[in-house]
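See below for the structure under consideration.
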Amino acid sequence: MKKSLSIVVPVYNDWASLFILLSRLNDAAKTLGNQIFVIVVDDGSTDQLDDAAATSSLVGLSSLCGVELVHLCLNIGHQRAIAVGLCIAVEEHETDAILVMDGDGEDPPESIGKLLECASSDDDFCVVAQRRKRTESFSFKVSYLVYKGIFRLVTGKQINFGNFSLTSRAYARRLVMVPDLWDNFAAAVLRSRLPVRKVLIDRGRRYAGVSKMNFVSLIVHGMSGMSVYAETIFVRLLALTVGLFFMTIAAITLVLVLRLFYPQHATPGWATTVSFGMLIILAQAFFTVLSSMLMLLNARVQRQILPIKEFRHYIALRRMLVGDRPRHESLTIS
49 MKKSLSIVVP VYNDWASLFI LLSRLNDAAK TLGNQIFVIV VDDGSTDQLD
99 DAAATSSLVG LSSLCGVELV HLCLNIGHQR AIAVGLCIAV EEHETDAILV
149 MDGDGEDPPE SIGKLLECAS SDDDFCVVAQ RRKRTESFSF KVSYLVYKGI
199 FRLVTGKQIN FGNFSLTSRA YARRLVMVPD LWDNFAAAVL RSRLPVRKVL
249 IDRGRRYAGV SKMNFVSLIV HGMSGMSVYA ETIFVRLLAL TVGLFFMTIA
299 AITLVLVLRL FYPQHATPGW ATTVSFGMLI ILAQAFFTVL SSMLMLLNAR
349 VQRQILPIKE FRHYIALRRM LVGDRPRHES LTIS
């Protein structure tokens with residue numbers, strides 16, 4: 049039996065690529081035979097959609113059950129736009145699976161079949177695309193490898209996938225209850241402890257224009273992913289600080305023993321100054337990490353913002369571009 053599919057596509061000032069993507073999704077729907085509904089989340093774009101161009105581009109998308117454009121009140125970021133789209137799909141669509149993909153062509157619609165094939169044997173699944181071949185510049189590839197290395201070092205987790213993923217509706221319902229979904233989709237998937245399957249898929253090339261991601265955005269995106277594991281990171285930093293603290297104590301003890309009991313073995317005059325200086329620095333680092341850890345643990349008792357409860361506040365306007373909007377019983381948590 050073919051799975052019905054809701055596709056979440058975040059967009060920011062990238063309308064040309066979006067219309068190419070919708071055409072490719074229409075072609076993919078003919079091949080796959082799945083019922084496909086597309087939720088386009090406009091993340092507060094400053095470039096207005098040309099309605100005339102949109103009308104002409106949407107002609108012939110007969111293989112898609114529907115395309116809805118959700119305008120957000122402001123630019124809340126790529127990851128939060130995905131969260132809003134996921135909440136809409138979970139709450140309003142009677143669908144078997146929810147697919148998340150970027151709207152610029154780097155997540156090729158032609159690869160959707162591979163994700164569906166991997167999930168075909170189970171009722172509940174979470175299938176993600178692991179990049180086999182990337183098309184970015186050499187500097188970006190190096191930076192990404194560095195990010196993955198740092199992520200694994202500070203969190204103990206390996207992150208080698210992005211937004212392109214396929215999730216059963218039941219698993220997506222669990223995911224929209226994870227507050228970390230606001231910060232980073234991939235990290236939230238890991239944090240939710242869903243059983244993840246990975247499919248090797250080559251990254252596609254952009255359909256049009258240039259990426260809206262700049263260096264600062266990439267840094268913020270990476271830090272957002274690591275922030276999901278803030279507790280783990282603080283514990284590791286605390287353990288590292290304690291380890292360095294005892295190493296410094298051992299060094300100071302060695303210097304004192306040499307000075308007091310083995311004066312024939314000369315020690316540098318600066319050894320004592322450096323040892324005590326390191327002790328002061330490490331003590332400061334220890335108390336800083338400890339106080340940050342306590343603040344983090346205290347924040348856990350505060351009320352958390354659940355995507356499924358808050359997503360409606362960000363929606364300014366919704367309109368159907370193709371077909372009709374599906375409806376079913378509300379799942380919003382009151």
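In my numbering, each residue's number is its place in the sequence shown (first place is 1) plus 48.
C-beta atoms are modelled at their ideal positions from N, C-alpha and C, and glycine is treated no differently.
Note that the coordinates shown come from a computational prediction; the quantities given were computed from them, not determined experimentally.
Distance CB(residue i)-CB(residue j) smaller than 8 Å
i, j, result
"I130", "I87", "no"
"V290", "F324", "no"
"V89", "V132", "yes"
"L120", "Y362", "yes"
"G153", "R253", "yes"
"L193", "Y219", "no"
"D155", "F212", "yes"
"S168", "I249", "no"
"V224", "L106", "no"
"S275", "Q127", "no"
"L292", "L330", "yes"
"Y195", "G108", "no"
7 Å Cβ shell around residue i - same chain, five flanking residues per side excluded
i, result
"V247", "K162, L163, C166, V175, A177 and Q178"
"L338", "L286"
"I381", "Note that I381 has pLDDT 39, beneath the 50 cutoff, so the model's placement of it is unreliable and no number is given."
"A299", "S323"
"K51", "N82, D144, A145 and L164"
"F209", "V176, A177, Q178, A234 and K246"
"A364", "H119, L120 and C121"
"Q352", "P227"
"P301", "A quick correction: the sequence has Thr, not Pro, at residue 301. So no residue of the chain qualifies."
"R373", "G114 and E116"
"R284", "V202"
"V244", "C174, V176 and V237"
Same chain, Cβ closer than 8 Å to residue i, five either side skipped, listed in chain order
i, result
"L112", "L70, L73, N74, A77, I84, F85, V86, V370 and G371"
"L379", "Any answer about L379 is weak, because its pLDDT of 42 lies below 50 and its placement is not dependable; what the coordinates show is given next. Answer for L379: V138, E139, R221 and I356, listed in chain order."
"E377", "For E377, the predicted structure reports a pLDDT of 46, less than 50, and the residue's modelled location is therefore unreliable. A value from the coordinates is still provided. Closer than 8 Å at Cβ, skipping near neighbours: no residue."
"Y255", "A64, S65, I68, L69, D152 and G153"
"Y60", "D90, D91, G92, S93, N123, H126, A129 and K260"
"A102", "W63, F67 and L369"
"D95", "N61 and W63"
"D231", "Q127, S272, G273, S275 and V276"
"F282", "V337, S340, M341 and L344"
"T79", "G161"
Cβ separation of residue i and residue j, assumed to be a contact under 8 Å, to the nearest whole Å
i, j, result
"G114", "M341", "Not a contact, Cβ separation roughly 48 Å."
"G125", "S65", "Contact flag wrong, Cβ pair sits at about 18 Å."
"T296", "M326", "5 Å"
"D62", "G257", "6 Å"
"S104", "D171", "That belief does not hold up - the Cβ atoms of S104 and D171 are roughly 40 Å apart, past 8 Å."
Per DSSP, the bridge partner or partners of residue i
i, result
"C174", "T215"
"V118", "V89 and R366"
"A145", "L53 and S216"
"K246", "V176"
"G371", "G114"
"P58", "V89"
"F209", "Q178"
"H84", "Reading off the sequence shown, one finds Ile at residue 84, where the question assumed His. Answer is L53, bridged to I84."
Neighbourhood of residue i by C-beta, 6 Å cutoff - its chain only, sequence neighbours within 5 removed
i, result
"V226", "A236 and S240"
"R200", "Q206"
"T280", "T203"
"L359", "Per the sequence shown, residue 359 should be read as Phe rather than Leu. For F359, where only same-chain residues beyond five positions count, the Cβ hits under 6 Å are V132 and C135."
"T321", "none"
Short CB-CB distance (under 8 Å) between residue i and chain B
i, result
"M225", "Here there is only one protein chain, and chain B is not present."
* Do three or more CB pairs link the segment 193–207 to the segment 234–242 at distances below 8 Å? -> yes
* Asked: For the 8 Å Cβ check, are there 3 or more pairs between the segment 143–156 and the segment 55–64?
  -> yes
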